[in-house]
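Peer 1: Each number in my numbering comes from the position in the sequence shown (counting from 1) with 320 added on. Ideal Cβ positions, reconstructed from N, Cα and C, are used throughout, including at glycine. The structure that follows is given in the form of structure tokens.
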Amino acid sequence: APAIEQAKAAGIPMVAWHAGPTIGPDDKIGLFANVSTDAMQVSAAAANWAYADAKGKPGVVIFTDSTYAIAIAKADRMKEEIEKLGGTVLEYVDTPIAETSQRMPQLTTSLLQKYGDSWTHSLAINDLYFDFMGPSLAAAGKTGTDAPINVAAGDGSESAYQRIRAGQFQKVTVAEPLNLQGWQLVDE
Numbered sequence: 321a322p323a324i325e326q327a328k329a330a331g332i333p334m335v336a337w338h339a340g341p342t343i344g345p346d347d348k349i350g351l352f353a354n355v356s357t358d359a360m361q362v363s364a365a366a367a368n369w370a371y372a373d374a375k376g377k378p379g380v381v382i383f384t385d386s387t388y389a390i391a392i393a394k395a396d397r398m399k400e401e402i403e404k405l406g407g408t409v410l411e412y413v414d415t416p417i418a419e420t421s422q423r424m425p426q427l428t429t430s431l432l433q434k435y436g437d438s439w440t441h442s443l444a445i446n447d448l449y450f451d452f453m454g455p456s457l458a459a460a461g462k463t464g465t466d467a468p469i470n471v472a473a474g475d476g477s478e479s480a481y482q483r484i485r486a487g488q489f490q491k492v493t494v495a496e497p498l499n500l501q502g503w504q505l506v507d508e
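Right, dumping it as structure tokens:
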């Protein structure tokens, strides 16, 4: 970006949030600090939680969006972790996050019909995938705490926290510590 190049040329130290793949200093693009969470650690944490919650026998559906390289990397990391632990990845679903409101209701119904009780957990790169699953799960006779248990590797949206607190079709979000990161940006 021209502004970043100008600041770098002028010797102005810059800090950023989610500005690139490198966390911390990035001399290549001229950042004194890039504040972020390690997406691979977030993905591994989500997968490990699902594995433990399923008592070592998860049947997982993973939701991602190939529009974004980071989304694929996160989903691949969750898949790798589940398989390394001995769990089962039933399906790896690539569906645009921007179209979750249109796609997730029918997709949820189809996955329930296809996998039934084998589908114990959903892992998604973002909470948005779970915003539109509830009605389909309820229509299939599922309560808010029945399997599939929904686990997000990132985001921490207000709607996700509401679902988690209410016990309604989501148990976990591995959210970023936004308040902490904001103060870190100020400190840098």
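Taking the alpha helix (DSSP H) that residue 392 belongs to, which residues open and close that run?
Peer 2: 389 to 405
Peer 1: So, is residue 483 buried or exposed, given that buried needs 16 or more other C-beta atoms within 10 angstroms?
Peer 2: buried
Peer 1: Apart from the five residues just before and just after residue 365, which ones in its own chain have a Cβ nearer than 6 angstroms to its Cβ?
Peer 2: 494
Peer 1: The alpha helix (DSSP H) spanning residue 494 covers which residue range?
Peer 2: Careful: residue 494 lies outside any alpha helix (DSSP H) and carries neither H nor E.
Peer 1: Could you pull out every unbroken alpha helix (DSSP H) segment of at least 4 residues lying fully inside the segment 411 to 466, listed in chain order?
Peer 2: Counting only runs of 4+ residues, the alpha helix (DSSP H) found wholly inside the segment 411 to 466 occupies 420 to 435 and 454 to 459, in chain order.
Peer 1: What's the gap between the Cα of residue 348 and the Cα of residue 384?
Peer 2: 29 angstroms
Peer 1: Please classify residue 401 as buried or exposed, where buried requires at least 16 neighbouring CB atoms within 10 angstroms.
Peer 2: buried
Peer 1: Among 500, 466, 436 and 492, which residue has its Cα nearest to the Cα of residue 478?
Peer 2: 492
Peer 1: What are the boundary residues of the beta strand (DSSP E) that residue 346 is part of?
Peer 2: For residue 346, the enclosing beta strand (DSSP E) starts and ends at 344 to 346.
Peer 1: In the DSSP assignment, find the alpha helix (DSSP H) that holds residue 324 and state where it starts and stops.
Peer 2: 322 to 329
Peer 1: Determine the DSSP secondary structure at residue 332, reduced to helix, strand or coil.
Peer 2: In the three-state reduction of the DSSP assignment, residue 332 falls in the coil class.
Peer 1: Note down the Cα distance separating residue 464 from residue 331, rounded to an integer number of angstroms.
Peer 2: 54 angstroms
Peer 1: Does residue 361 pass the burial test, meaning 16 or more other C-beta atoms within 10 Å, or should it be called exposed?
Peer 2: exposed
Peer 1: Given this structure, state the Cα-to-Cα distance separating residue 440 from residue 329, to the nearest angstrom.
Peer 2: 53 angstroms
Peer 1: With DSSP as the reference, label residue 484 as helix, strand or coil.
Peer 2: helix
Peer 1: Enumerate in chain order the residues of its own chain whose CB-to-CB distance from residue 398 is below 7 angstroms, with the five nearest sequence positions on each side excluded.
Peer 2: Once the five neighbours on either side are set aside, the close Cβ partners of residue 398 are 363, 366, 367, 382, 443 and 473.
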